[in-house]
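Protein chains: 2
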Amino acid sequence: MTVRVDLNISLDGFATTTDQTPENPFGEDWSRLVHTYVSTRTFRERVLHDTSGTGTTGINDDYAQAYFAELGAEIMGAGMFGLHDHQDDPDWRGWWGKEPPFRVPVFVLTHTPRPTIEFDNGTTFTFIDAAPEEALATAIAAAGGRDVRVGGGPTTVKQFLRAGLVDQLHVAIVPILLGRGIRLWDDLRGLESGYTISSEAAESGVIHLTLRR
Amino acid sequence: MTVRVDLNISLDGFATTTDQTPENPFGEDWSRLVHTYVSTRTFRERVLHDTSGTGTTGINDDYAQAYFAELGAEIMGAGMFGLHDHQDDPDWRGWWGKEPPFRVPVFVLTHTPRPTIEFDNGTTFTFIDAAPEEALATAIAAAGGRDVRVGGGPTTVKQFLRAGLVDQLHVAIVPILLGRGIRLWDDLRGLESGYTISSEAAESGVIHLTLRR
Ligand SMILES: NC(=O)c1ccc[n+]([C@@H]2O[C@H](COP(=O)([O-])OP(=O)(O)OC[C@H]3O[C@@H](n4cnc5c(N)ncnc54)[C@H](OP(=O)(O)O)[C@@H]3O)[C@@H](O)[C@H]2O)c1
Ligand SMILES: NC(=O)c1ccc[n+]([C@@H]2O[C@H](COP(=O)([O-])OP(=O)(O)OC[C@H]3O[C@@H](n4cnc5c(N)ncnc54)[C@H](OP(=O)(O)O)[C@@H]3O)[C@@H](O)[C@H]2O)c1
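First to last, the protein sequences are chains D and A. The first sequence maps to residues 1 to 213 in the numbering used here. The second sequence maps to residues 1001 to 1213 in the numbering used here.
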């Protein structure tokens, strides 16, 4: 059982973007940040339900496959689930449509829990107000021996990193400079000690960096 | 003629370190930040005058060779030259001993210029108080058609990047998190546009990233 994180970050370390508008709720920067990931065959099949077999293969797709492989449960923050953008909508069910790609229990950290949401494909969203250690114990119990992913966003991931709870951190460093947003790396001086580090260069200057315990 | 920058930065983007003490004037973090660079055969020969042929070869050494190749002139900031640490010493001649590795005219940007310093091996340090454009014109005139390197530190490099004067930026991203210091990437949103980007993974997780016009 591995506690894993996978994020796309910009060269200057940002894991969120800031140019969302009502007309473009994801924003241009988000497309640029996640471009190589969402272009993979795995993302297209698993998240967009595009089974036409288009999408890239190769290094980026290998990481996209690993993203979903062996997953037993997921933890995410209220921001990633969309609660901050949909505070006043009690019926908000997340960004992922009728078949969220997780297919496992997902625990959404929030100070204002709501009733659990269930989907036919095995995905459940359970809202919990808990410290990282406690949330992790809950997710591990639900994961049936498989991995727990801390999905994001950066505020949540940093909590788990600082608490020393993450066994494997994979970042795809995308060679764009966003200049603003929430940085993944703040106040993590010395994090690398205790990890073995490897890096792999993909197309278009994207770099996959992995810290493993 | 190419205007080039080469820097070692940490994963969290810092190009300076903060743990210098009188006993350890470079500091532990500096050793960790530049470890792969100073271990190369090229650095050992060119900077340390160690001609025993020890030192690493391979990707890191290829970049170290490129660092000195085709160089016609160098620009650096007062901080990199050591003026800030040796303000009260009118005889300070830089960190590099009797044979500084540059072997070309070096222009040191400072608001308090001093007399030019000359070395037998072709290195001269000329102190100038000038805007980036003006300093670059001076260095280009001295470079005899060869490249001009903006050597550092980050305060100086950022000025040249923001002014759009840099043709090629190479960073060795070293997988350590320093947590504090001067960041290379602040306020450079969108810098990547206009550059072609490539990356290459070296040993121990070090990544060489190059932006080329
Ligand atoms: N770059 C990537 O790969 C990636 C991946 C995923 C998401 N994202 C981006 O990340 C953004 C969201 O990130 P974010 O950092 O703003 O927010 P986040 O980490 O998703 O959520 C933070 C929020 O979760 C709740 N929370 C976190 N820890 C808690 C705890 N221990 N107990 C109770 N509640 C807790 C709090 O919300 P409340 O106080 O409101 O309850 C907190 O404000 C989104 O824009 C998304 O696009 C990026
Ligand atoms: N990571 C790397 O690869 C790398 C490479 C080189 C250096 N470094 C590190 O960088 C550090 C120094 O960097 P830094 O950012 O603090 O300082 P810096 O860039 O070396 O020097 C900045 C100083 O240069 C002078 N200056 C800069 N532009 C000027 C202009 N246009 N006109 C007049 N004066 C100008 C000013 O000094 P005054 O106002 O005092 O005159 C300014 O404070 C050192 O610790 C060194 O170890 C790292």
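C-beta: ideal position from N, C-alpha, C; glycine also. Here the structure is a predicted model, which is why all the values come from computation and not from measurement.
By the beta-carbon neighbour count (other beta carbons within 10 angstroms, threshold 16), THR1112 (chain A) is exposed.
Excluding five sequence positions before and after ALA78 (chain D), the CB atoms of its chain that fall closer than 7 Å to its own CB belong to HIS84, VAL108, LEU109, THR110, given in chain order. Using a Cβ-Cβ cut-off of 9 Å, PRO1154 (chain A) does not count as an interface residue toward chain D, since no Cβ of chain D sits closer than that to its own. Chain A has no Cβ within less than 9 Å of the Cβ of VAL166 (chain D). Of the other Cβ atoms in all chains shown, 16 or more fall within 10 Å of the Cβ of GLU74 (chain D); this residue is therefore buried. Annotation: the continuous beta strand (DSSP E) that includes GLY152 (chain D) extends over 147-152. Going by DSSP, THR1124 (chain A) is part of the beta strand (DSSP E) stretching over 1124-1128. Membership of PRO1100 (chain A) in any alpha helix (DSSP H) is not indicated, and neither H nor E is assigned to it by DSSP. A contact between stretches requires three or more CB pairs, one per stretch, nearer than 8 Å, and the region 1137-1146 of chain A fails this requirement with the region 173-186 of chain D.
Annotated three-state conformation of HIS1208 (chain A) is strand, per DSSP. Inclusion of THR124 (chain D) and GLU118 (chain D) in the CB contact set at 9 Å is warranted, their separation being smaller than that value. Interface with chain D (9 Å Cβ-Cβ cutoff): GLY1205 (chain A) is included. Between the alpha carbons of ALA1201 (chain A) and SER199 (chain D) lies a gap of roughly 6 Å.
At least 9 Å separates the CB of TRP1096 (chain A) from every CB of chain D. Between GLY190 (chain D) and MET80 (chain D), the gap from beta carbon to beta carbon reaches 9 Å or more. Boundaries of the alpha helix (DSSP H) harbouring ASN1060 (chain A): 1059-1068, taken from the DSSP string. Short of 8 Å from the beta carbon of ASP1187 (chain A), and not among the five residues preceding or following it, lie these beta carbons of its own chain, in chain order: LYS1158, ARG1162. The shortest CA-to-CA distance from ARG32 (chain D) to any of D:ALA15, D:LEU165, D:ALA66, D:VAL3 is the one to D:ALA15. In this structure, ASP1012 (chain A) places its C-beta atom within 9 Å of the C-beta atom of LEU1178 (chain A). Put simply, the CB of GLU118 (chain D) is far from chain A, with every gap to its CB atoms at 9 Å or more. Put simply, the CB of ASP1012 (chain A) is near chain D, with a gap under 9 Å to one of its CB atoms. The C-beta of TRP1030 (chain A) comes no closer than 9 Å to any C-beta of chain D. Residue environment for ARG212 (chain D): exposed (fewer than 16 other C-beta atoms within 10 angstroms of its C-beta).
A residue is called buried when at least 16 other Cβ atoms come within 10 angstroms of its Cβ; GLY205 (chain D) meets this threshold and is buried.
Distances taken from the Cβ of PRO90 (chain D) to the heavy atoms of ligand 2 include none shorter than 8 Å. According to the DSSP secondary-structure assignment, ASP6 (chain D) is paired through a beta bridge with D:HIS170. Neighbours of GLU1133 (chain A) in chain D, taken as residues at a C-beta separation under 7 Å, are lacking, since the least C-beta distance is about 22 Å. If the five residues before and after VAL1150 (chain A) are omitted, its C-beta is found closer than 6 Å to the C-beta atoms of VAL1005, ILE1075, VAL1157, PHE1160, all from its own chain and listed in chain order.
For ILE1182 (chain A), the closest Cβ of chain D is not nearer than 9 Å.
Exposure of THR1057 (chain A) is indicated by the presence of fewer than 16 other C-beta atoms within 10 angstroms of its C-beta.
Against chain D, the CB of PRO1105 (chain A) has no partner CB under 9 Å away; the residue lies outside that interface. Residue burial is scored here from C-beta neighbours: PRO1025 (chain A) has fewer than 16 other C-beta atoms within 10 angstroms and is therefore classed as exposed. Every alpha helix (DSSP H) of 4 residues or more that sits fully in the region 11-90 of chain D is shown, in chain order, as 28-38, 41-46, 59-68, 78-81. Look at LEU1188 (chain A): its beta carbon is at least 8 Å from all of the heavy atoms in ligand 2. The alpha-carbon of PRO22 (chain D) is positioned some 29 Å away from that of GLY1194 (chain A).
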